[in-house]
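Residue numbers (the UniProt record's numbering), protein chains in the order written: chain X, 1 to 209; chain Y, 1 to 209.
There are 2 protein chains.
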Amino acid sequence: MKERILAEAERLFWKYGVRLVTMEDIARQLGISKKTIYQHFNDKEQIIYQVIADKAVKNQSEVACMTTTASNPVEEILQVLNMMQKHAEQVSPNLLIDIKRHYPQAFALFRQYKEHQIMRSILENIQKGISQGLYRSDINPAILARLRVEQIELAFNSELFPTDQYTMHQIQHELIHHFVRGMLTEKGFATYNAYCPKPSEYNPTINPE
Amino acid sequence: MKERILAEAERLFWKYGVRLVTMEDIARQLGISKKTIYQHFNDKEQIIYQVIADKAVKNQSEVACMTTTASNPVEEILQVLNMMQKHAEQVSPNLLIDIKRHYPQAFALFRQYKEHQIMRSILENIQKGISQGLYRSDINPAILARLRVEQIELAFNSELFPTDQYTMHQIQHELIHHFVRGMLTEKGFATYNAYCPKPSEYNPTINPE
Chain X
1 MKERILAEAE
11 RLFWKYGVRL
21 VTMEDIARQL
31 GISKKTIYQH
41 FNDKEQIIYQ
51 VIADKAVKNQ
61 SEVACMTTTA
71 SNPVEEILQV
81 LNMMQKHAEQ
91 VSPNLLIDIK
101 RHYPQAFALF
111 RQYKEHQIMR
121 SILENIQKGI
131 SQGLYRSDIN
141 PAILARLRVE
151 QIELAFNSEL
161 FPTDQYTMHQ
171 IQHELIHHFV
181 RGMLTEKGFA
191 TYNAYCPKPS
201 EYNPTINPE
Chain Y
1 MKERILAEAE
11 RLFWKYGVRL
21 VTMEDIARQL
31 GISKKTIYQH
41 FNDKEQIIYQ
51 VIADKAVKNQ
61 SEVACMTTTA
71 SNPVEEILQV
81 LNMMQKHAEQ
91 VSPNLLIDIK
101 RHYPQAFALF
111 RQYKEHQIMR
121 SILENIQKGI
131 SQGLYRSDIN
141 PAILARLRVE
151 QIELAFNSEL
161 FPTDQYTMHQ
171 IQHELIHHFV
181 RGMLTEKGFA
191 TYNAYCPKPS
201 EYNPTINPE
């Protein structure tokens with residue numbers, strides 16, 4: 001039952017944010033009573049906390065899997081984009097804002113996940129890219145990893161990116177491709193171009209005419 | 001006298017942030033009494049407000065000047081970097097944090113400057129770059145301009161970039177070069193490479209071997 005509650009809560013939180021979803025809503029969707037939910041969780045914060053904890057573990061193993069199967073760091077980062085976009089399509093921009101404003105423990109957990117796992121994955125990606133000659137050797141990995149990590153929250157900021165003007169998909173796509181391209185060497189561009197769909201307008205090569 | 005007070009306050013604020021500098025400090029440096037300062041300003045917030053207002057006008061005309069003299073958008077953005085670095089060398093990372101936390105009117109003015117003038121300059125730069133074939137035609141100018149504008153505050157965030165690990169100069173350099181490179185077309189790279197000092201390690205060309 002605990003797993004069913006978490007799965008349904010996740011679906012609803014992702015779709016509407018956390019604040020608008022009540023314990024009642026979750027119970028109704030599952031055809032159970034609120035009392036059953038309270039047998040497993042004290043309050044909504046405990047549910048969102050557990051959802052984030054589970055999500056962090058799951059995302060991390062997806063990323064670890066990509067790191068193993070991708071043949072190079074450029075492919076790896078573009079696979080992570082695909083993964084994010086699959087999630088992003090379903091996600092309400094309210095989600096992170098609600099958590100930040102109203103669920104401090106859950107937000108602290110997200111921050112911790114961001115500062116540790118995500119940061120480390122990005123740093124490793126950058127260092128691998130440099131050592132394979134795909135990213136410039138003159139970049140500062142720590143500064144750019146920080147930039148990338150901050151972009152994750154930036155994309156959720158609907159004051160900066162009003163939801164009636166941009167989709168999350170569009171923002172993530174724009175930011176990640178720009179992020180990768182800014183690091184590429186000539187060799188890196190050859191690899192990058194091989195992974196990107198390229199109508200000539202869409203993805204001009206940097207190779208010679 | 002008002003101009004002398006503003007000039008000295010600016011120098012002290014830039015060096016130590018706003019909070020640590022007292023009206024007494026400003027008076028002492030100028031060899032005047034505090035009373036003389038209070039003849040011109042009600043409080044420190046009024047001084048920092050005026051300093052920012054003057055700075056915004058001055059910066060904006062420097063940028064306008066670069067836009068006129070630079071022969072292309074890539075040169076223009078790299079000149080703005082030089083200008084920022086000249087200022088950044090002298091600036092305390094406390095400055096923006098102090099203003100954000102303790103001087104709401106001054107911060108609102110900075111925000112307004114950022115949202116209007118800076119945003120517009122960046123957008124114009126991106127649009128010109130695209131129309132001249134130096135930046136990719138498939139980028140979304142509004143999303144990337146927003147990214148760049150947010151990087152300005154990011155660089156000042158000493159929780160993210162601890163001052164014992166990074167200089168402002170280093171952060172700005174890294175972020176702006178990465179920002180420009182992420183937008184460049186092949187033609188853009190040729191132009192960019194012509195403006196950058198290039199020990200081969202430091203600035204690898206993207207042109208063919």
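Built from N, CA and C at the ideal position, the CB exists for glycine as well. Computed from a prediction, not measured in an experiment: that's the story for all the values here.
Let me see if you follow: with CB-CB separation under 8 Å, is Leu147 of chain Y close to chain X or not?
If you number the second sequence from 1, residue 147 of chain Y lands on position 147. Yes - at least one Cβ of chain X is within 8 Å of the one on Leu147 of chain Y.
Partner residues on chain Y for Phe179 of chain X, Cβ-Cβ distance less than 7 Å:
Counting from 1 along the first sequence, the entry for residue 179 of chain X is found at position 179. Simply Gly182.
Using the beta-carbon count (16 or more within 10 Å), is Leu20 of chain X buried or exposed?
Counted from its first residue, the first sequence places residue 20 of chain X at position 20. Classification of Leu20 of chain X: exposed, given that the 10 Å Cβ count is below 16.
Using a Cβ-Cβ distance under 8 Å, would Tyr135 of chain Y count as near chain X?
The count along the second sequence starts at 1 and reaches residue 135 of chain Y at position 135. No, its Cβ sits nowhere closer than 8 Å to a Cβ of chain X.
Enumerate in chain order the residues of its own chain whose CB-to-CB distance from Lys55 of chain X is below 6 Å, with the five nearest sequence positions on each side excluded.
The residue labelled residue 55 of chain X in the question sits at position 55 within the first sequence. Nothing listed; no residue qualifies.
Would Glu150 of chain X pass as an interface residue toward chain Y - the criterion being a Cβ-Cβ separation below 8 Å?
The residue you call residue 150 of chain X lines up with position 150 of the first sequence. Taking Cβ atoms only, chain Y reaches closer than 8 Å to Glu150 of chain X, which makes this a yes.
Going by CA-CA distance only, name the one from X:Leu6, X:Arg146 and X:Tyr16 that's closest to Ile99 of chain X.
The sequence position of residue 99 of chain X within the first sequence is 99, counting from 1. Answer by Cα proximity: X:Tyr16.
Since Ile143 of chain X meets chain Y, which of its residues come closer than 8 Å, beta carbon to beta carbon?
The residue labelled residue 143 of chain X in the question sits at position 143 within the first sequence. Within chain Y, the residues near Ile143 of chain X are Phe161, Tyr166, Gln170, Ile171, Glu174 and Leu175.
Please list, in chain order, all residues of the same chain as Gly129 of chain X whose beta carbon is under 6 Å from its beta carbon, the five residues on each side excluded.
Residue mapping note: residue 129 of chain X aligns to position 129 of the first sequence, counting from 1. Counting only Cβ-Cβ distances below 6 Å, and skipping sequence neighbours, we find Pro73 and Tyr135.
Since Ile139 of chain X meets chain A, which of its residues come closer than 8 Å, beta carbon to beta carbon?
In the structure shown, chain A cannot be found, because the protein chains are X and Y.
Let me know if Arg120 of chain Y comes out buried or exposed under the rule of 16 or more other beta-carbons within 10 Å of its beta-carbon.
The residue you call residue 120 of chain Y lines up with position 120 of the second sequence. It counts as exposed.
Cβ of Leu123 of chain X less than 8 Å from any chain Y Cβ?
As a working note, residue 123 of chain X is residue 123 in the first sequence. No - not a single Cβ of chain Y is within 8 Å of the one on Leu123 of chain X.
Candidates X:His177, X:Thr68, X:Gly133 and X:Ala7: which alpha carbon is nearest Tyr49 of chain X's?
In the first sequence, residue 49 of chain X corresponds to position 49, counting from 1. Ranking the options by Cα distance to Tyr49 of chain X, first place goes to X:Ala7.
Going along the chain, which unbroken runs of the alpha helix (DSSP H) with 4 or more residues stay wholly within the stretch 63-109 of chain Y?
73-90 and 94-102
If we ignore side chains and look at the alpha-carbon of each, how far apart do Glu174 of chain Y and Ala27 of chain X end up?
The residue labelled residue 174 of chain Y in the question sits at position 174 within the second sequence. The residue labelled residue 27 of chain X in the question sits at position 27 within the first sequence. Distance between the alpha carbons of Glu174 of chain Y and Ala27 of chain X: 50 Å.
Residue from Y:Leu81, Y:Gln39 and Y:Leu109 whose Cα sits closest to the Cα of Val57 of chain Y:
Translated into positions along the second sequence, residue 57 of chain Y becomes position 57. It is Y:Leu109 whose Cα lies nearest to the Cα of Val57 of chain Y.
Beta-carbon separation of Tyr103 of chain X and Val18 of chain X under 8 Å?
Here residue 103 of chain X refers to the residue found at position 103 when the first sequence is read from its first residue. Here residue 18 of chain X refers to the residue found at position 18 when the first sequence is read from its first residue. Result yes, Cβ atoms of Tyr103 of chain X and Val18 of chain X sit closer than 8 Å.
Name the chain X residues that come within less than 9 Å of Leu81 of chain Y, Cβ to Cβ?
Along the second sequence, read from residue 1 onward, the residue named residue 81 of chain Y stands at position 81. Within chain X, no residue comes near Leu81 of chain Y; the closest Cβ sits about 14 Å away, beyond 9 Å.
Every unbroken alpha helix (DSSP H) within the stretch 103-159 of chain Y, with a cutoff of 4 residues, ordered by chain:
104-113, 119-131 and 141-156
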